[in-house]
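Engineer: Residue numbers (numbering that gives the first Met the number 0): 0 to 294. Backbone N, C-alpha and C define an ideal beta-carbon position, used for all residues, glycine too.
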Amino acid sequence: MGERAPKLAFVGLGAMGYPLAGHLARRFETLVWNRTFAKAQAHAEAFGSRPVELPEVAQAEMLFTCLPTSHEVHELALRLLPYLRPGTLWVDHTSGEPELARKTAAMLEEKGVAYLDACLSGGVAGAVEGRATVMVGGRPEDFARAQPVMAVYASKIVHVGPVGAGHAVKAINNALLAVNLWALSEGMVALVKQGVEARLALEVINASSGRSNVSENLFGQRVLSREFPNTFALGLLAKDLGIASKVIEAAGTPAPLLRQVREFFEVAKREVGSSEVDHTAVAQLLERWSGVEIR
Ligand code: NDP
0 MGERAPKLAF VGLGAMGYPL AGHLARRFET LVWNRTFAKA QAHAEAFGSR PVELPEVAQA
60 EMLFTCLPTS HEVHELALRL LPYLRPGTLW VDHTSGEPEL ARKTAAMLEE KGVAYLDACL
120 SGGVAGAVEG RATVMVGGRP EDFARAQPVM AVYASKIVHV GPVGAGHAVK AINNALLAVN
180 LWALSEGMVA LVKQGVEARL ALEVINASSG RSNVSENLFG QRVLSREFPN TFALGLLAKD
240 LGIASKVIEA AGTPAPLLRQ VREFFEVAKR EVGSSEVDHT AVAQLLERWS GVEIR
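Spelled out as structure tokens, the structure:
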């Protein structure tokens with residue numbers, strides 16, 4: 000990092016943004032804004048950040064966003080456009096859409112503002128513990144500027160290509176998460192129905208070739224525990240699958256499995272009746288359909 004610490008701003012103090020902005024505020028002067036403003040005030044008390052009116056975030060040298068979709072990011076960019084100054088770097092941690100991000104980046108470019116799509120993985124636990132993974136799209140010189148700042152909460156930061164590439168990699172990663180979650184849920188209800196104890200089946204899978212992050216870090220902790228803690232909403236994962244479909248469409252490559260998993264999650268959203276529940280609620284749907292509980 001240069002001689003002088005940059006002044007930062009963070010917009011979107013949700014499940015991910017709140018802890019990330021906390022890491023930043025502990026080390027840098029950090030302005031925060033959130034739609035529900037009480038969260039910005041609580042953040043200031045917890046981490047020493049400074050809650051401000053929205054236009055003031057444009058005074059920062061680096062502006063971070065972590066919003067549900069690229070649409071909210073684009074809307075925010077439109078609102079901030081009159082206030083933004085040349086030389087500002089916008090680091091977008093939203094899991095968003097490559098196409099819309101390119102449009103947002105082009106609009107910001109006209110004001111001399113650079114944009115990086117810097118998607119996160121590692122979940123809320125990774126964000127809280129400061130060991131997130133970040134996949135970044137944008138210009139190399141902008142990446143070089145943001146990288147040392149993001150390092151305060153990330154243990155792996157990879158520049159994957161031009162603007163939009165971070166969003167594309169993230170969408171495919173989350174499509175793989177969805178495949179594993181759905182497939183393991185199918186497999187586990189079948190085993191339980193056959194009289195196998197779920198805990199033992201999972202223990203074996205986690206020591207065998209069928210294991211995944213879902214089997215190692217989600218299924219026991221969320222499904223077998225019956226806790227289903229809400230840290231990553233089913234609706235957000237379904238949104239990512241929609242983005243993955245667009246990536247596949249743009250590539251023109253065959254993807255029967257990844258296309259299908261999107262359909263499964265759209266059905267799941269309707270059947271579960273809520274987008275707000277944790278994504279692991281799809282296991283409960285498979286349980287309902289098969290008449291067994293994964294125990
Ligand atoms: P949350 O729903 O917890 O937070 C969303 C944030 O966006 C809140 O601060 C919310 O404000 C704000 N917001 C929503 N709509 C608007 C709007 N129209 N204008 C301004 N602010 C708005 O989401 P997450 O933190 O879970 O997710 C954020 C992004 O990170 C998503 O793209 C998600 O896919 C991605 N992600 C999430 C992970 C997870 O494990 N949760 C992991 C990796 C990526 P308010 O407080 O007022 O509601």
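For residue 50, which beta-bridge partners are listed by DSSP?
Structural biologist: Note: residue 50 sits in a beta bridge opposite 31.
Engineer: Let me make sure I understand the geometry here. Which of 47, 74, 214, 156 has the alpha-carbon closest to that of residue 21?
Structural biologist: When each option's Cα is compared against that of residue 21, the closest is 47.
Engineer: Nearest to residue 241 by alpha carbon, out of 123, 8, 177?
Structural biologist: Of 123, 8, 177, the residue nearest in Cα terms is 177.
Engineer: Could you give the uninterrupted runs of the beta strand (DSSP E) lying entirely in the stretch 83-107, keeping only those of 3 residues or more?
Structural biologist: Those beta strand (DSSP E) runs which fall completely within the stretch 83-107 and span 3+ residues are 88-91.
Engineer: Which same chain residues end up closer than 6 Å to residue 135 when comparing Cβ atoms and leaving out the 5 residues on each side of it in sequence?
Structural biologist: Here the set comprises 115, 117, 142, 158, 165.
Engineer: Helix, strand or coil for residue 291, going by three-state DSSP, please let me know.
Structural biologist: In the structure shown, residue 291 sits in coil (DSSP, three-state: anything other than H, G, I, E or B).
Engineer: Determine, for residue 252, whether the minimum Cβ-Cβ distance to residues of chain C falls below 8 Å.
Structural biologist: The structure shown contains no chain C, having only a single protein chain.
Engineer: Can you tell me the Cβ-Cβ gap for residue 149 and residue 133, rounded? I've got them flagged as a contact below 8 Å.
Structural biologist: Their Cβ separation, rounded to whole angstroms, is 6 Å, which keeps residue 149 and residue 133 in contact under 8 Å.
Engineer: Tell me whether residue 94, by its Cβ, gets closer than 7 Å to a heavy atom of ligand 1.
Structural biologist: For ligand 1, at least one heavy atom lies less than 7 Å from the Cβ of residue 94.
Engineer: Short check: CB of residue 39 to CB of residue 12, under 8 Å?
Structural biologist: Yes.
Engineer: Assess, as a yes-or-no matter, whether the stretch 252-271 is touched by the stretch 282-290 under the definition of 3 or more beta carbon pairs within less than 8 Å.
Structural biologist: Yes: at least three Cβ pairs fall under 8 Å.
Engineer: Would you kindly work out how many angstroms separate the C-alpha atoms of residue 304 and residue 194, rounded to a whole number?
Structural biologist: Residue 304 lies beyond the range of the chain shown here (0 to 294); nothing can be said about it.
Engineer: When DSSP builds the beta bridges, which residues end up paired with residue 118?
Structural biologist: 134.
Engineer: List the endpoints of the continuous beta strand (DSSP E) containing residue 154.
Structural biologist: Run containing residue 154: 153-160, per the beta strand (DSSP E) assignment.
Engineer: Tell me, to the nearest whole angstrom, how far the beta carbon of residue 173 is from that of residue 243; I am working on the premise that it is less than 8 Å.
Structural biologist: The pair is a contact, with the Cβ atoms about 7 Å apart (cut-off 8 Å).
Engineer: Short of 7 Å in beta carbon distance, which residues of its chain neighbour residue 284, apart from the five on each side in sequence? Order them along the chain.
Structural biologist: Counting only Cβ-Cβ distances below 7 Å, and skipping sequence neighbours, we find 267, 270, 271.
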